[in-house]
Amino acid sequence: MYAFTFHRPATARQAAGLLAKKEDAKLLAGGHTLLPTMKQRLASPGALVDLGGCADLKGIERKGRNVVIGAMTTHAEVAASPLVQEAIPGLAYLASHIGDPHVRNRGTIGGSVANNDPAADYPAACLALGATIVTNKRKIGADEFFTGLYETALEEGEIITKIAFPLASKAAYAKFRNPASRYALVGVFVAKRGSDVRVAVTGAGEGGVFRWPEAEDALKTRFTAKSLDGLKASAKGINADMHADAEYRAHLIGVMAKEAVARATGK
Amino acid sequence: MATVSMTVNGKAVTGTIDSRTLLVQFLRENLRLTGTHVGCDTSQCGACVVHVDGKAIKSCTTLALSLEGASVTTIEGLAVNGTLHPMQEAFREHHGLQCGYCTPGMIMAAVDIVNRRGHALDEQTIREDLDGNICRCTGYHNIVKAIAAGAEAMGGKAKPARQAAE
């Protein structure tokens, strides 16, 4: 790691102030991507603003038809939350399958969403559930938020404060994970709300998380895993690496989508 | 340089450190608590697992400065007055180690599993929850046995064991 100055504000407001004032500053959430990246000297921020002391960025609450999760809430807290388990069980399941138990005790939802790793789990939940990403400046819909590989709509100095997930009548996540890293080789989150169905795919797209419109249309007709029979995701624009080629990943999209729908419908 | 204060194994400690200092470096190099190991240094292997405020974390992927005011328990903090913690005793009894390098992390992870899931642990649960700990000698078989037995033993005297673990 290259040297940096360290700052630990007590509120999101103070954090925003530091971020604006310090040259080349980066936000530190759970640090489970940023610190390894800094160790490899792939990132060398001049200053770190640690959000770990900002109590106003933590917590889970139910607000009307939404589950609202503070940005610094850990994966373990989301997974173990009775509120999330009851309101959106698929979201609690997703959180309980990120990394390993120790990683889940440090990693945060805000950090994951802001980083937008193409194999991260949370972006799929945000996109499928139509979440709203709330920052210190504005509210951003998930459809506009994830703009590409590690790219988001976040601007300089903008801090995610919380994420609001609207409830769905049915929702579930299925992931085929890399057994070593436990990142998604392919992960699919499906959500049904009234007549609307959204299917979001992570781990597969060259540009990060994306929706699969053909599957959404098929599931709108009838929300059952059978509706996806014979439906093939295109291998165009799909990641290929040492773990899986594009054809294989494309095939997995169909398999994981079916499994997610089966889970959502309790079958 | 910056100053950090925290509680480690029940004792208040303070150190003046470079901001880059990882928790594991602070424990090993400043406090000379070398029971916590560095294996992969990339948050995969779990040799560096310690408890922070009662929860297992990987100390190679946490800055010491981030833990101002926190309460840390390392493998050195488990035994009470020279008597091994029930989980340590179970690892010895069931031969849950060979070279021993991963063992501190394994035991800290094991105590965390018991804290989260109670004293009756089936094999499947233990194996899944050991996701973040890698052992290159044993094939895990005796580690799993040791954890099941250690969990049960912790139930027998749950109070002191749990206090020691936090």
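These protein sequences, in sequence, are chains F and W.
Under the working numbering, think of the first position of the first sequence as 144, with each following residue one higher.
Under the working numbering, think of the first position of the second sequence as -5, with each following residue one higher.
Positions of the beta carbon are idealized from the N, C-alpha and C atoms, including for glycine.
Neighbour list for M215 of chain F in chain W, Cβ cutoff strictly below 7 Å: Within chain W, no residue comes near M215 of chain F; the closest Cβ sits about 12 Å away, beyond 7 Å.
Please tell me whether T69 of chain W has its Cβ less than 8 Å away from any Cβ of chain F. Going by the sequence as given, residue 69 of chain W is Ile instead of Thr. No, no contact with chain F.
Keeping to the same chain, check which residues put their C-beta closer than 6 Å to that of P261 of chain F; ignore five residues upstream and five downstream. L292, G351
P98 of chain W - containing alpha helix (DSSP H), residue span: 97 to 111
Who are K318 of chain F's beta bridge partners in DSSP? F:G330
Between the Cα of K313 of chain F and the Cα atoms of F:A146, F:L178, F:A407, F:V227, which residue gives the shortest distance? F:A407
Span of the alpha helix (DSSP H) holding M148 of chain W? 135 to 150
Within the 8 Å Cβ cut-off, does G40 of chain W reach chain F? yes
Can you name the start and end residues of the alpha helix (DSSP H) that P356 of chain F belongs to? 356 to 364
Secondary structure of H89 of chain W, DSSP reduced to three states: coil
Going along the chain, which residues of the region 176 to 208 of chain F sit with their C-beta nearer than 8 Å to a C-beta in chain W? L178, P179, K182, L191, D193, G195, G196
Under 8 Å Cβ to Cβ from L226 of chain F, same chain only, skipping five residues before and after it: list those, please. I203, E204, R205, V210
From L162 of chain F to E146 of chain W, what distance separates their C-alpha atoms? 49 Å
In chain order, what residues of the same chain have a beta carbon less than 8 Å from the beta carbon of L234 of chain F, not counting five sequence neighbours either side? V210, V221, V227, A268, L272, F308, A314, Y316
Tell me which residues share the same chain as A73 of chain W and place their Cβ nearer than 7 Å to its Cβ, disregarding the 5 neighbours each side in the sequence. H79, Q82
Taking the C-alpha atoms as reference points, what is the distance between A142 of chain W and P244 of chain F? 18 Å
Tell me the DSSP secondary structure of E70 of chain W in three-state form. helix
Verify the CB distance criterion: does V43 of chain W have a CB-CB separation below 8 Å to chain F? yes
Distance between beta carbons of N127 of chain W and G40 of chain W, contact taken as under 8 Å: 3 Å
Note down, in chain order, each residue of its chain lying with its Cβ closer than 6 Å to the Cβ of C131 of chain W, except the 5 sequence neighbours on either side. Q92, C93
Let me check understanding here. Comparing Cα to Cα, which of W:E117, W:A104, W:S60, W:G144 lies closest to L191 of chain F? W:S60
With DSSP as the reference, label H175 of chain F as helix, strand or coil. coil
Rounded C-alpha distance that separates R156 of chain W from N109 of chain W: The pLDDT assigned to R156 of chain W is 45, lower than 50, so where the model puts this residue is not dependable, and the model offers no usable value.
Using a Cβ-Cβ cut-off of 7 Å (strictly less than) and excluding sequence neighbours within five positions of A403 of chain F, which residues of its own chain qualify? A315, Y316, A317, V331, F332, V333
If the cut is a Cβ gap below 8 Å, which residues of chain W does M144 of chain F touch? R14
Buried or exposed by the 16-neighbour rule on C-beta atoms within 10 Å, applied to Q183 of chain F: exposed
Measuring alpha carbon to alpha carbon, tell me which residue in F:N279, F:A238, F:M399, F:A159 is nearest V342 of chain F. F:M399
Would you mind reading off the limits of the alpha helix (DSSP H) that contains A271 of chain F? 265 to 272
Inter-residue Cα distance where the pair is T56 of chain W and S13 of chain W: 11 Å
So what does DSSP say about I231 of chain F, is it helix, strand or coil? coil
Using the C-alpha atoms, what's the distance from C96 of chain W back to K401 of chain F? 39 Å
Starting from A307 of chain F and walking both ways along the beta strand (DSSP E), at which residues does that stretch end? 303 to 309
Cutoff 7 Å; reference K305 of chain F; Cβ partners in own chain excluding five residues on either side: V211, I212, G213, A214, V277
Quick check: is the beta carbon of F149 of chain F nearer than 8 Å to any beta carbon in chain W? yes
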